[in-house]
Structures are given as structure tokens and as C-alpha cells.
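Remarks on the structure that follows.
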Amino acid sequence: MIRFFLPILLLLIFNSHLFAQQVQLTFKVDMRGQTVSSNGVHVAGNFQNLAGYGSNWNPGTTQLTDPDGDKIYEVTVSLPTGGLFQYKFVNGNSWAGAELVPAECGVNDGSGNINRTVNAISSTTTTPANGFGSCEGGTPEPPTTDYATHWWNDAVFYQIFVRSFYDSNGDGQGDFKGMMQKLDYLNDGDPATTTDLGITGIWLMPMKESPSYHGYDVTNYYATEPDYGSMADFEAFLAAAHARGIKVIIDFVMNHSSDQHPWFIESASNLTNPKRNWYRWSDTHPGYNGPWGQNVWHLRNGKYYYGLFWGGMPDLNWENAELKASMWDITRFWLNKGVDGYRIDAVKYLDETGSQLENTEENFRILEEFNQVVKMANPNAVTVGEAWSSTPSVVPYVQNDRLDLAFEFDLSSAIINSVRNNNPSALNNQLNLVNRLYPKLQYATFLTNHDQNRVMGELYGNMEHMKQAAALYLAMPGVPFLYYGEEVGMLGSGADEDKRKPMQWNPEVKAGFTTGTPWRSVNSNSTQYNVQVMSADPASLLSHYKKLITLRNAQPALRKGYHLEVSAGNASVLSFARVFEKEAVLVVSNFGADALSSPSFSVAVSSLPAGNYAVTELYTNQPMGTVTINEQGGFSHHSFAGASLGSDHTWILKLSSATTTGINPEANALEVNVYPNPAAGMVTVSGEALGKKKNSLKVYDLTGKVLYTAEFTDSSFLLDTSDLANGTYFIQVQNHGKQFMKRLVVNH
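If you're matching positions, the sequence shown starts at 729 in my numbering and goes up one per residue.
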């Protein structure tokens, strides 16, 4: 008997220990589609007393916040013990704003009241981020169509480390002339050909004079790196790229210089040198380290200077007016040479405030001034920043006229992790977050770059996963950046030099990079993965990239379309749409192990006109039938009968209007005019039939929510749109059994 009860006794002891441990319980609610009370969002439940919030079921003591600005409100409470708790959310701070929890995702507390439940038995527990009063996510926000796009939104950029791209003279170093010889591979300037990669932008990693192989420690901001060629060579390359329609941006290292730069040599020479304050100096070690624990204060001539990355790269002092003026001169110099913009290295570290070393207000002010200098020199120049941080910390860099773009590191990690783990959940969440927080389309997408292990290794050489990752980021919103050699599956990890190895052009022993001794040994996989071999294979990764870039270049929706959430009803599927004007592209990617037969999709709202749309799978150019868009611009549970989506494969489905039926063709018998449309202020709604009987007017948003109602008997009515946000709305007028519905675009 003792043996029989021992396992039960141990289980009871285990459970007792489990429930005795402290629990961090996070409540989340999706408030999209809700007007949040000025008193905030709260959660009430039978956990509050235990968590130190006074009495249980108090609707005004446990407030949630929206840290990301994505309308997902959250709060974390500490509980001395776990358990099964009931709760509900409150919009405001009184029971008048309490949500009505649906029975299918709640429990009856015995009095007919339905509450949510959470079983908090692990040390960290998070509730699902369901919509307020819903068992699912919140109501999608009405799509915004009044955003601006720029030439860079039409571009696909290619990142080049000049030293590793192509050697024209046999010295083992890539150079400007070598890049010029390979331009036809990148883009031959003829849109009718399909042999080139098709990129339309180039980012050159540092190409200014520097003592180091990487070039991030500059010794002359006005000179080219001698290993790469002369200024005349660079100008010839720039002209040749422009002749093919390729924009060229260059790395601008604004945070620091080389310790061999004449500025720093003068600064370090003595205390009274005019350039002393062009860098940060201290008589004693200030006593703090850098963001990742590194030493940032370096000894020179008995004093300490600040260098975030290492002693050989002292940080510039942007508080010094003369230094700043010199950097603005450099900014104008290269723009006047004809470069099309800058990639800004280490952009979050430019200006420090004491021991606050990143993301300071002074940093933002410098970028606002930088933006003015750039746009005055060339209004069409683009700036893209490397602010290697979480998304909420990066977003401010593309606000308030600071930078045009910033690299989306969290999104790149989400792509790789989701593809590698065969689970789209993290990517779907991150993609939705990015498209809620950033100005529309104004961020840069990529898989990996020169500071990261190459994606081929990160995906363990799985070619299907490589193709899936490529299809995803080249179909996503944002501006894609392709790291050289990624398209042929180059490897690289560990030391930075090994992430920047010579480009693999052919299967020969030196990979076709040089006739001399390459500055760094070529990859071991270069005999199989190279441009020559893969160009001859229509199923290769290189051919895949060429096709994807061609599709993006040809489809305005893939370049300039806004992001639209699409429900697939399948946890193994990632689906989203890109909508631009009257066309859309639906992207569907299967992360599951098995093929999907006739998957179905739903869209709540969009700006698409109602009607029938022909569907074509662009990658294979196969017709996929038709879909009917309803009055809200959406469709429900549409499936593509007989179609099968393979594991790790992606559909890129174009929706082209076949017949536009309007909002409600049968109701158009009531003739009504709505003008002006688009509108910025007062709108006149008029029609001869309206003066005969009482009319009712309603204004809906794209979710179907009624925003405004009115009744009138005249033949015209003035509608004030000043309180409406920019976007698309519906105006409905009813008169004696007849009705009229019209889209109204508000653009203040």
C-alpha cells in the first residue's frame, strides 16, 4: 500500500511546490477597433488582492499600458502563488466599461456573469491577447491609403563589400573597376532581359580611405580607399550604375573616425589644440562601461578618450560646432558627387548624455539637422540607419524628419526563426507589429548582413527554407536589402572577415573572384554554389531570386501596397495581402510539413472596390479562378478549389479586377452626388429625389461601424469631415425604400 500511494504523494508534493512558487502573470488585451477611454484600460479579477491591488474585482486599480503603441494593452502582476483565476477587462475605470465576455471563451461565475480564466501555474504566464469582448484578435484597423511613397519604395537594394566583390587587376582585392565589370550581372539596364538579377539599388559598404580591411575607421572622409581605386574610378562606376537605372548609396560612418585620422592625432597632441574637443576627453576614467559591458574609455597621453567600439575608433564629439560643420560639408561633398543617399552606421550612438550612450534626445536632434542638410543638397536622397535595437526603439529614427528608413532587425530574426522552426507565429506577430508602428513602408527588410552569420548557415543549408525566406521578405512591405552572395547561398560565420568572404562567381579554385591570391580564402561550398553553375539551373536559388525580384519590380502592389492582415484559419500558414489602388497581391506561405489542399482565407476590410477579381499565381503564372470582393472590400472563407500549396512553398497571388460592381449596384437607382471627393472639409450630399421625403444618412468606417447619423428633408446636406481621420469611409443615404452607398476618401 505504501508503494501504491508513494507516486500520488510525490505528485501532491510536486504540485504543492509548483503552486507555492512566485508567478509573474501578464494580462493582455487587443484594443484595436475600440475607442480607448481617457481613464485607460484596466483588468479586474479575483487575483487582485493576492497581487497587492486591494480588494478583488476592483475595476479601477489594475491599469494596463500600451508600451509599443500597437493597441495591445498589457500589465504584469506578481503573485506569491499560482492558481486558477477569473478576470475581465474594463475600458475605463468603472464597471460601466466592462467587456461582455463571450460564453465560448469564458466561464459562468454562478450568477450568470461570464468571466475569462487563466491557469497561472508556471513562473511566467501570459493570457492570450484577444480582442476586447472577443475570443479572437481585435478588429483590424481600417487600412490607410493616404501615405506617401518614394523612389526607394520601388527599389531592391544589393549590399556590396567592395573588397570581396570582384578583383579587376589580380591583387586579390575587389575594386571599383571590378564592380563596374559585374554591373550587367546586377542589372544590365534592359528590362526585357531575364539574365540579370534585376536589383535597382546598391549599398556600398565603407569605401573611404581607411587603414583597416573593413573601412569603418576612416582616415580621410574626402578620399576613396586606395585598395579600391581612385576617385575617378569611383565616379566611373557611379556613372555606369546610373546609366543602368541603379541608385547608389554609400556607408557614412558618422559616429567615429580612425585614431589615425589627422583630426584625432591633433586632438590627442595637447590640451590646447583647436581640435581637442572634436573628440570626448576626460582627465580620469569616468567609471562606466558600454552597452554590452565593454570598456569605452581608452588611455592616451595620460588622459582618457571615449571610443564605443574600440580604441582604434574614437567617437566624434557632436556637441562641437566645428566638428558638426565639417561633417555637414562631407555630407554635401558626396551628394554633390552624385551618390543617391547614405546608410548611417551605428546611428543610435552619435551623441551621448553622460553615461546614457544611445537613443538620446541629442542624437535625434542631430539627425533632424542631418536630414535638413541632406535634403537641401539633394531632395531625393535617401537615408537608412542602422539602429540595432528592438522595433519600438527603432521607430523614432524614422519619425519627425530624421531618417527615411531604418533596418528592421527584429523582423529579419523573425523571418529566419519562423522558417527554421516551421512555425509562422513569431513572424506573423512581428510583421503585424512593424506595420502598425512604422510610417507606411518606411523600413528596410533583410535576412542577414555583414555583421551576422549568413542566412545559408542559419537555415542549415536547407534550400527550400532559403527559397521560402527569400519569397517572404521580397514580398513583404518595406525596402528589401540583399546581401551580396546571399542569392547563391554563400556561407559565413564566426569572425567578421568570414562573413564577408569573396563573391562566388564560378566553380574554379578561386571562385572566379581574382587571378591572384584572394585577400580571404573562398568558401568551401563555392564549387557548387556560384553564379555560373546556378545561372544554368532554372530551379536554383539564384534563379529563384531573379524571378522574385522581377515580380516585385513588375507589381506596384508588391512595392507600394499597404499591408493587410489575412486570416488563413490554419496555424501552419502565414498569409497577408499587399493592396495598392485597385489591385492586390495575396501572399500565402506554408510552414507545415505537409502540402495544403484548397486552403481558405478571409479578409475583413480593405480599400478594394467591390466586384469580381481574377486570381493569378504570379510565380508560376497559373490562373487560380476568381474571388468576389464584398462591400467592405473583403471576402470570407474563400478557397482555391483543387489547388495544393506544398510544404515550405509560397503563393504570390495577384487579384485583378475583372468586373467592378460598385458598393451596391442595385441601390444605385437613387441618384446622389457626393462632392468634393476626396474631401478635406465640408462635403455636399445632394440629389433631386432627396427633397421629396425624409432622408437618413449614415457614415461607416471600413469595419462597418457607424460613426455618424443624420436625418434631413432638403435636396442637399452638408457633411463635416473635420473630425474624421484620413482614410476611406462609406456614406449611405436612404429615401423611401431606396438607398445609395458611396465611398468617401478623407484627406485633410
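Note that CB positions come from ideal geometry on N, CA and C, so glycine has one too.
Of the residues assessed, Tyr1188 falls on the exposed side of the cut-off, its CB having fewer than 16 other CB atoms within 10 angstroms.
With fewer than 16 other Cβ atoms inside 10 Å of its own Cβ, Tyr1016 counts as exposed.
Taking 3 residues as the minimum length, the beta strand (DSSP E) runs contained wholly in the segment 1350–1392 are 1350–1357, 1363–1367, 1378–1388, in order along the chain. The segment 1281–1301 makes no contact with the segment 1224–1243, as fewer than three CB pairs between them are under 8 angstroms. The beta-carbon separation of Thr1441 and Asn1423, rounded to 7 angstroms, stays under the 8 angstroms limit for a contact. For Ile1144 against Glu1192, the beta-carbon gap comes to about 14 angstroms, at or over 8 angstroms, which does not count as contact. Boundaries of the alpha helix (DSSP H) harbouring Lys905: 904–909, taken from the DSSP string. Between Asn1190 and Gln887 a beta carbon distance of about 23 angstroms is seen, past the 8 angstroms cut, so the two are scored as non-contacting. Pairing Ala1115 with Ala1134 gives a Cβ-Cβ distance under 8 angstroms. Closest in C-alpha terms to Ser985, from the list Lys1310, Pro1107, Asp1073, Val1434, comes Asp1073. Within the model, the alpha-carbon separation for Phe962 versus Ile978 is close to 11 angstroms.
For Ala831 and Gly866, the gap between their C-alpha atoms comes out near 17 angstroms. Ser1375 sits away from Gly1339, with the two beta carbons spaced by 8 angstroms or more. With fewer than 16 neighbouring CB atoms inside 10 Å of its own CB, Val1434 falls in the exposed class. Looking at the backbone, the Cα of Ile930 and that of Asn1401 are separated by about 49 angstroms. Going by C-alpha positions, Gln814 is about 10 angstroms away from Gln776. The secondary-structure analysis by DSSP pairs Val1112 across a beta bridge with Arg1071, Leu1133.
Around the beta carbon of Ser1268, 16 or more other beta carbons lie within 10 angstroms, which makes this residue buried. Taking C-beta atoms under 8 angstroms as the contact rule, Lys975 and Asp1068 qualify, at a distance of about 4 angstroms.
The beta carbons of Arg1471 and Thr1456 sit about 6 angstroms from each other, so the pair counts as a contact at 8 angstroms.
CA-CA distance, Arg972 to Lys905, rounds to 16 angstroms. Per DSSP, Pro1120 lies in no beta strand (DSSP E) segment; the continuous alpha helix (DSSP H) that holds it begins and ends at 1119–1122.
Using a Cβ distance threshold of 8 angstroms, Val1315 and Ser1303 count as a contacting pair. Counting the other Cβ atoms within 10 Å of the Cβ of Tyr1212 gives 16 or more, which makes it buried.
One thing to note: Tyr1033 has its Cβ no nearer than 8 angstroms to the Cβ of His1013. DSSP lists Tyr1034 as the beta-bridge partner residues of Trp1025. Secondary structure at Ser938: coil, using DSSP grouped into helix, strand and coil. By the CB criterion at 8 angstroms, Pro1208 and Phe1174 fall inside the cutoff. Restricting attention to Ser1221, Tyr1347, Lys1168, the CA atom closest to the CA of Pro1205 is found in Lys1168. When DSSP assignments are scanned along the segment 1418–1467, the uninterrupted stretches of beta strand (DSSP E) that are 3 or more residues long and fall wholly within it turn out to be 1423–1428, 1434–1440, 1444–1448, 1455–1463. Judged by their CB atoms, Arg891 and Asp987 are not nearer to each other than the 8 angstroms cut-off. For Asp794, the three-state secondary structure derived from DSSP is coil. The residues Ser1330, Val1331, Val1355, Thr1356, Ile1357, in chain order, have a CB closer than 7 angstroms to that of Phe1363 in the same chain once the five nearest residues on each side in sequence are set aside. Counting only the Cα atoms, Arg1182 lies some 11 angstroms from Glu1215.
By the neighbour-count definition (other C-beta atoms within 10 Å, threshold 16), His970 is an exposed residue.
As the crow flies, the alpha-carbon of Thr1000 is around 58 angstroms from that of Lys1274.
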